[in-house]
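Asks: The following block contains the structure, expressed as structure tokens.
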Amino acid sequence: MADAAASPTGWGRTGGGGFRKPSVLPGFGITLGFTLAYLSLIVLIPLAALILGAAGLGWDGFWAAVLKPRVLASLQVSFGAALAAALINAVFGLAVAWVLVRYDFPGRRVVNAAVDLPFALPTAVAGIALTELYAPNGWIGGLLEPLGIQVAFTPLGIVVALTFVGLPFVVRTVEPVLQELEAEQEEAAAMLGAGRLATVFRVVLPAILPALLTGFALAFARGVGEYGSVIFIAGNLPMVSEIMPLLIVIQLEQYDYAGATAVATLMLAVSFALLLLINLLQHWMRARHDA
Amino acid sequence: MTLEASFGASAPPAPPPAYQVRSESRLVRAALIAVALGFLGLFLVLPLAVVLTRAFASGVSAYAAALTEPDALAAIRLTLTAAAIAVPLNLLFGLCAAWCIARFEFRGKSVLITLIDLPFSVSPVIAGMVYVLLFGLHGWLGPWLRSHDVQIIFALPGIVLATVFVTFPFVARELIPLMQEQGSDEEEAAVVLGASGWQLFLRVTLPKIKWGLLYGVLLCNARAMGEFGAVSVVSGHIRGQTNTMPLHVEILYNEYNMAAAFAVASLLAALALVTLVIKTLLEWRYADELAATRRH
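The listed protein sequences derive, respectively, from chains A and B.
Just so we're aligned, residue 2 is where the first sequence starts under our numbering, counting upward by one.
Just so we're aligned, residue 1198 is where the second sequence starts under our numbering, counting upward by one.
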């Protein structure tokens, strides 16, 4: 009967010896086939084309394109700003997660929902809104101007934009871990005479460290690749406030495909390294959680 | 209750309740809440407020005019068209991927899951660029496409491809953990009782995953309509033809047409807020039927 039932999409039966465990459910072949075809066409082949293009430049050609002063400067700007923004988010994101999990105050559920705004708000909208806020005549920029601090159109502006974009990551990774933290350890520490501060730093922080690092790495990875929210506020001065994704766009507009390919491949390599790191961190998190 | 009370008489004095040792003094608590809310106010509330005030800075009629002007209407139409193609494609993909991954055991599954997540870790600019390298005038297939009069880059197909790339994992990512957790007992029972493939999907699986599916589609759609970087690279910025709403915002802003730029931006902000509200309602009402609220 199972065979008859499986017949409309009866590929499920042909899955081949040791490749998969047998199952009565239909549709394995067709869904896996579509998944692989779609994944290859949309993601894998285009990315492979990029990497092949970089390989076509040759070792010397690749480094010649990457080691230009303007590229290195943009690398420094992108990484520096993403790092600063991720650090800000690690500190304040932890505070937000702590407050949302541990304390009760009016509007807590609404605040909790609002944390996801940077995921939902289109980056271009965030970009022009932050620029308006921090421009010398803006609501915040106007307050900072007399102090001699300029945010918009400087590298500081990039940090502001990346802080906005990365805001949910630390909160959303730390929140569930904080929630599931057992009370016993903290109580034991308190019973044994540890002050509250010592308990938080010696008991709570080590327990949430993997989650905090994961959130930090996610925010950092997002910041390195971010484009839309940054280009409005950055000023985009070459060598000073030009991020790597923008440099790629400029190279493409000038039909410098070789240069763009080399820089993009470098960025892709960094992204994959970060992805690997994040996976390792999550593995660590899960291992600790299960222990 | 009575049991506890009877024990209470002879038991040693109860330790201070957990909420006392696990919490901070009132002052610290108030300060932390102030810091957290101040941070969120600075980065979430103020940007939204500035979008709204700037959008209506020149009055309601200017606002309406900015949204009904032909180029703005063309941008809205293009954004809706691109999302209307990209989201169903990724929905179909998400269902297929979740079905084969969550319902079958096969070799290389974890590699497949990692590959599906890949687009999230690629910069949007690179997501657009790979299609320029393939289909652009100077790209690998460019000359062939031109001789056959097919335009992909600087046209709708390119915009759809870039949008599909950046929203690729949303539905699959929500459905895979959800269906893995639900298990396949009910589906197996249905097959044994003689259900066909379609009956199985429509009557057994779909009712179990419908809220998770809606959740994934919602997030996928928000990103599809709001995507800037990837679409910007492939669009060519032809006013009235290949400008999506976010790109239209950029052009208006760079022309110092602030009121109009923020008027279109306010529409996108409204989309974000509606998305957030529906997402939150789904999380509150159907937390048990969503994977996203239980993951981590």
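The C-beta atom is built at its ideal place from N, Cα and C for all residues, glycine as well.
1) Name, please, each residue of chain B whose Cβ falls closer than 9 Å to the Cβ of R103 (chain A).
2) Please confirm whether Y1483 (chain B) and I129 (chain A) have their CB atoms less than 8 Å apart.
3) Give the residues of chain B in contact with F29 (chain A), contact being defined as C-beta atoms less than 7 Å apart.
4) Helix, strand or coil for F1365 (chain B), going by three-state DSSP, please let me know.
5) Answer yes if the region 158 to 167 of chain A comes into contact with the region 1456 to 1467 of chain B, meaning at least three C-beta pairs across the two stretches below 8 Å, and no otherwise.
6) Check the Cβ-Cβ distances between T124 (chain A) and every residue of chain B, and say whether any is below 8 Å.
7) Listed from N- to C-terminal order along the chain, which residues in the region 1334 to 1363 of chain B have their beta-carbon within a distance smaller than 9 Å of any beta-carbon of chain A?
8) Going by beta-carbon coordinates alone, are V1357 (chain B) and A1283 (chain B) separated by less than 8 Å?
9) With C-beta atoms as the reference, is G143 (chain A) less than 8 Å away from A153 (chain A)?
10) Mind pulling the chain B residues with CB within less than 9 Å of L281 (chain A)?
11) Name, please, each residue of chain B whose Cβ falls closer than 7 Å to the Cβ of A56 (chain A).
12) Would A269 (chain A) pass as an interface residue toward chain B - the criterion being a Cβ-Cβ separation below 8 Å?
13) Around the Cβ of E1378 (chain B), are there at least 16 other Cβ atoms within 10 angstroms (buried) or fewer (exposed)?
14) Can you tell me whether DSSP reads P1212 (chain B) as helix, strand or coil?
15) If G167 (chain A) and A87 (chain A) are in contact, beta carbons under 8 Å, what's the gap, nearest whole angstrom?
16) Could you confirm whether any beta carbon from chain B is found closer than 8 Å to the beta carbon of S24 (chain A)?
17) Do G1325 (chain B) and A1427 (chain B) count as a contact pair if the criterion is CB distance below 8 Å?
18) Hey, L1237 (chain B) and A115 (chain A) are a contact pair by Cβ (cut 8 Å); roughly how many whole angstroms apart?
19) Would you check if the region 62 to 70 of chain A and the region 1321 to 1339 of chain B touch, i.e. whether three or more CB-CB distances between them fall below 8 Å?
20) Look up F1303 (chain B) in the DSSP assignment and give the residues it is bridged to.
21) Quick check on the burial criterion: 16 or more other C-beta atoms within 10 angstroms. Buried or exposed for R173 (chain A)?
22) If you reduce the DSSP assignment to three classes, tell me which class V175 (chain A) lands in.
23) How many Å lie between F120 (chain A) and V1368 (chain B) at the Cα?
24) Under 8 Å, Cβ to Cβ, is there at least one residue of chain B near L51 (chain A)?
25) Under 8 Å Cβ to Cβ from T15 (chain A), same chain only, skipping five residues before and after it: list those, please.
26) Thinking just about the alpha-carbon of each residue, which of B:L1330, B:F1240, B:E1302 is nearest to the one in Y258 (chain A)?
27) Would you say G1413 (chain B) lies against chain A (beta-carbon separation less than 8 Å)?
28) Residues of chain A with a CB under 9 Å from the CB of Y1260 (chain B): which are they?
29) Spatial neighbours of E243 (chain A) within its chain, please: CB distance less than 6 Å, with the 5 preceding and 5 following residues excluded, ordered by chain position.
30) How close, in whole Å, do the beta carbons of F1301 (chain B) and R21 (chain A) come, if the pair is a contact with beta carbons under 8 Å?
31) With respect to the alpha helix (DSSP H) encompassing S75 (chain A), which residues constitute its N-terminal and C-terminal limits?
32) Tell me where the alpha helix (DSSP H) around H1445 (chain B) begins and ends.
33) Please identify the residue among A:G57, A:A218, A:E146 whose C-alpha is closest to the C-alpha of V175 (chain A).
34) Measure the C-alpha to C-alpha separation of I279 (chain A) and T1439 (chain B) and round it to an integer number of angstroms.
35) Is the region 1256 to 1276 of chain B close to the region 1336 to 1345 of chain B, with three or more CB pairs under 8 Å?
36) Here's the rule: buried if 16 or more other CB atoms are within 10 angstroms of the residue's CB, otherwise exposed. What is R1420 (chain B)?
Replies: In short, the structure shows the following:
1) The contacting residues are R1219, S1220, E1221, R1226, L1229.
2) Not a contact, by the Cβ cut-off of 8 Å.
3) Those are C1297, F1301, listed as they occur along chain B.
4) In this structure, DSSP gives F1365 (chain B) a state outside helix and strand, which the three-state scheme calls coil.
5) With a cut-off of 8 Å, the region 158 to 167 of chain A and the region 1456 to 1467 of chain B do not count as touching, because too few Cβ pairs lie within range.
6) At least one C-beta of chain B is nearer than 8 Å to the C-beta of T124 (chain A).
7) Answer in chain order: L1334, H1335, G1336, W1337, L1358, V1361, F1362.
8) At the C-beta level, V1357 (chain B) and A1283 (chain B) come within 8 Å of one another.
9) Between G143 (chain A) and A153 (chain A), the C-beta gap is not smaller than 8 Å, which leaves the two residues out of contact.
10) Residues of chain B passing the Cβ test: none, with the nearest at roughly 13 Å.
11) Simply none; closest approach about 13 Å.
12) Reading the sequence as shown, one finds Leu at residue 269 (chain A) and not Ala. Closer than 8 Å: yes.
13) Burial is judged here by how many other beta carbons sit within 10 angstroms of a residue's own beta carbon; E1378 (chain B) has fewer than 16 and is exposed.
14) Here the model assigns P1212 (chain B) a pLDDT of 49, short of 50, so the residue's position is not dependable, and the following value carries that caveat. P1212 (chain B) falls in the coil class under three-state DSSP.
15) By a beta-carbon distance limit of 8 Å, G167 (chain A) contacts A87 (chain A). Their separation comes to about 6 Å.
16) Yes, S24 (chain A) counts as interfacial toward chain B.
17) Taking a C-beta distance under 8 Å as the contact criterion, A1427 (chain B) and G1325 (chain B) qualify as a contact pair.
18) Beta-carbon to beta-carbon, L1237 (chain B) and A115 (chain A) are separated by about 7 Å, close enough to satisfy the 8 Å threshold.
19) The region 1321 to 1339 of chain B is not in contact with the region 62 to 70 of chain A.
20) Per DSSP, the beta bridge partners of F1303 (chain B) are A:R21.
21) Counting C-beta atoms within 10 angstroms of its own C-beta, R173 (chain A) has 16 or more neighbours from the protein chains shown and is therefore classed as buried.
22) Annotated three-state conformation of V175 (chain A) is helix, per DSSP.
23) Rounded to the nearest angstrom, the two C-alpha atoms are 15 Å apart.
24) For L51 (chain A), the answer is yes, since a Cβ of chain B falls inside 8 Å of its Cβ.
25) Residue confidence for T15 (chain A) is low, a pLDDT of 48 falling below 50, so the modelled location carries little weight and cannot support an answer.
26) The alpha carbon of Y258 (chain A) has as its nearest neighbour, out of B:L1330, B:F1240, B:E1302, the alpha carbon of B:L1330.
27) By this cut-off, G1413 (chain B) is not an interface position.
28) Those do not exist, as Y1260 (chain B) stays about 15 Å from chain A at its closest Cβ, beyond 9 Å.
29) Answer for E243 (chain A): S75, N237, listed in chain order.
30) Indeed, because the Cβ distance is near 6 Å, the residues count as touching under 8 Å.
31) Secondary structure note for S75 (chain A): its alpha helix (DSSP H) is the uninterrupted segment 70 to 103.
32) Looking at the DSSP string, the run of the alpha helix (DSSP H) that includes H1445 (chain B) is 1442 to 1451.
33) Ranked by Cα distance from V175 (chain A), the options A:G57, A:A218, A:E146 are led by A:A218.
34) When rounded, the distance between both Cα atoms is 37 Å.
35) Verdict: no, contact absent.
36) By the neighbour-count definition (other C-beta atoms within 10 Å, threshold 16), R1420 (chain B) is a buried residue.
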